[in-house]
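In terms of our numbering, the sequence shown opens at residue 622 and continues consecutively.
Below: one structure, written as structure tokens.
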Amino acid sequence: MRASSYARVTEAGNFKEVLSVLSVCEIELLIVASEIEGQSTLDVINLIRAGKARCKKKLPIVVLGSPSHDAEAFEAQPIYSGASAYVAMPLSMKKVTPRSTRRSRRMPTG
């Protein structure tokens, strides 16, 4: 776990760790790779949106696309499943910050 002056960052290495972190930490934004060891990223999104992950159902979720994916072809899958945004790798904070901020302002908490 790393902490900065703005936010506390908690990392999870696989699907079980993601669910564990979601259940014990008060997460304000989930940034998740398009490929998670042990499960599909879409399954994680579906669990959250269905209220089965023991976190806020409206949690903003940003999916980071793999450099090997065709971004345009892959982007629709996480968005359709309920992700707030899809950002193709390599990652640039200029890409992530406006999207995650805009989505978190629109989504009610709870």
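Think of the CB as a built atom: it goes at the ideal place given N, C-alpha and C, for glycine as much as any other residue.
Extent of the continuous beta strand (DSSP E) to which residue i belongs
{"i": "Ile682", "result": "Ile682 to Gly686"}
{"i": "Ala709", "result": "Ala706 to Ala709"}
Bounding residues of the alpha helix (DSSP H) (the contiguous stretch that carries residue i)
{"i": "Ile652", "result": "Premise fails: Ile652 lies in the beta strand (DSSP E), Leu651 to Ala654, not in any alpha helix (DSSP H)."}
{"i": "Glu638", "result": "Phe636 to Val645"}
Beta-bridge partners of residue i, as assigned by DSSP
{"i": "Gln660", "result": "Ile657"}
Beta-carbon proximity list for residue i, same chain, < 7 Å, skipping 5 on both sides
{"i": "Lys637", "result": "Gly659"}
{"i": "Asn635", "result": "Ile657, Glu658 and Gly659"}
{"i": "Leu752", "result": "No information on residue 752 is available, as it lies outside the stretch 622 to 731 that the chain covers here."}
With 16 other Cβ atoms within 10 Å as the buried cut-off, status of residue i
{"i": "Gly731", "result": "The predicted position of Gly731 is uncertain, since its pLDDT is 49 and thus under 50; a value taken from the coordinates is nonetheless stated next. Classification of Gly731: exposed, given that the 10 Å Cβ count is below 16."}
{"i": "Tyr701", "result": "exposed"}
{"i": "Leu655", "result": "In the sequence on display, residue 655 carries Ser and not Leu. Buried, by the Cβ-count rule."}
{"i": "Ser644", "result": "exposed"}
{"i": "Pro711", "result": "exposed"}
{"i": "Ala697", "result": "exposed"}
{"i": "Ala628", "result": "exposed"}
Check whether residue i and residue j have beta carbons under 9 Å apart
{"i": "Val665", "j": "Gly686", "result": "no"}
{"i": "Ala706", "j": "Ile669", "result": "no"}
Proximal residues to residue i (C-beta, below 8 Å), its chain only, five neighbours per side dropped
{"i": "Asn667", "result": "Ser702 and Gly703"}
{"i": "Leu663", "result": "Gln698, Pro699 and Ser702"}
Proximal residues to residue i (C-beta, below 6 Å), its chain only, five neighbours per side dropped
{"i": "Ala624", "result": "In this prediction, Ala624 scores a pLDDT of 49, lower than 50, which makes its location untrustworthy; the coordinate-derived value is nonetheless stated afterwards. Cβ within range, chain order: n/a, list empty."}
{"i": "Leu651", "result": "Leu680 and Ile682"}
{"i": "Ala633", "result": "Val639 and Val642"}
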